[in-house]
Amino acid sequence: MAQVAKEISKKYGVLEPMQSEDSIDGQVSELKELLENNGQFPVTLIGHSWGAWLSYIFAWKYPELVSKVILIGSGSYEDIYLSSMNSKRANRLTEEENLRVGTLFQLLNEHNNPNKKEVLREFGELMAKADSYSPISIENESLDFQPEVFQSCMKEINKLRSSGELLGFGKNIKCPVIAIHGEYDSHSFEGVEKPLTRTIKDFKFILLKKCGHNPWNEVYGKDKFYEIIFRELESR
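If you use the UniProt record's numbering, the sequence shown corresponds to residues 1 to 236, in order.
Dropping the structure here:
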């Protein structure tokens, strides 16, 4: 999201936090403290992928602190859409790449594997290939991959989603929620649009054609994406 933060900063104050806590509650508290020390409530939260879920959960827990939530490439809010994501990814990768994904997944689950950062980096690259329609560039920003944080938080979110709690959080969100989703994104757009439409009172869904998981890095999606972002920020 660094590119998006830089673009927004040309017109608005923006924070792009690096979350380090290994639990959802920990990351929510971490974000709240950062906003208290550096921002002014209520805030607009813009979250991509995992950050979309985190923004959604933050708005549920602290509805009075958030004026608007913008979800970008969010994961699904119900389990029934997961098989669609997995099959799309498998169909877009070669047989060799699919075998490598299986190997990497096993390596990530080895408790004493000292190379988990490299494993997660390679895993992310393969997922990015499957999730992109026409990428402008191969994004390779300098990030400190945190496998333990990723795995711990994903385990929690999967439990919340399976139990129905994750979707139920939306009933307590008081602010407008806008979801932006690339049509080609392996994360099912139906898994965002359908559940949230029936759960959140003020919800708007925008589907970008010829666009993958990272709209700001898509040839056919970038301009429309930024047009939407700035329009929503102007109408806070």
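Idealized CB from N, CA, C, for every residue including glycine.
In whole angstroms, what separates the C-alpha of K6 from that of I206?
As a working mapping, residue 6 is identified with position 6 in the sequence shown. As a working mapping, residue 206 is identified with position 206 in the sequence shown. For K6 and I206, the distance between alpha carbons rounds to 23 Å.
Determine the contact status of V219 and Y81, defining contact as a CB-CB distance below 9 Å.
Position 219 of the sequence shown, counting from 1, holds the residue named residue 219. Position 81 of the sequence shown, counting from 1, holds the residue named residue 81. No, they are not a contact pair.
Test item: CB-CB of L54 and I8 under 9 Å
Position 54 of the sequence shown, counting from 1, holds the residue named residue 54. Position 8 of the sequence shown, counting from 1, holds the residue named residue 8. No, Cβ-Cβ distance for L54 and I8 is not below 9 Å.
Can you tell which of N38, E64 and V177 has its C-alpha closest to the C-alpha of L233?
Sequence index remark: in the sequence shown, residue 233 carries index 233 (1-based). The residue with the shortest Cα to Cα distance from L233 is V177.
Over the uninterrupted beta strand (DSSP E) stretch that includes V43, give me the two end residues.
In the sequence shown, residue 43 corresponds to position 43, counting from 1. From DSSP, the beta strand (DSSP E) with V43 extends over V43 to H48.
Could you give the DSSP three-state label for V14: helix, strand or coil?
Taking the sequence shown and counting its residues from 1, one reaches residue 14 at position 14. V14 falls in the coil class under three-state DSSP.
Can the beta-carbon of P215 be found less than 9 Å from the beta-carbon of G182?
Counted from its first residue, the sequence shown places residue 215 at position 215. Counted from its first residue, the sequence shown places residue 182 at position 182. Going by C-beta atoms, P215 is nearer than 9 Å to G182.
Hey, quick one: how far does the alpha helix (DSSP H) through K194 stretch, first residue to last?
Counted from its first residue, the sequence shown places residue 194 at position 194. Counting along the chain, the alpha helix (DSSP H) containing K194 begins and ends at E190 to T197.
DSSP on P114, reduced to helix/strand/coil?
Working through the sequence shown from its first residue, we reach residue 114 at position 114. If DSSP states are grouped into helix, strand and coil, P114 belongs with coil.
Assign K68 to one of two classes, buried (16 or more other C-beta atoms within 10 Å of its C-beta) or exposed (fewer than that).
Your numbering for residue 68 matches position 68 in the sequence shown. Looking at its Cβ environment, which holds 16 or more other Cβ atoms inside 10 Å, K68 is buried.
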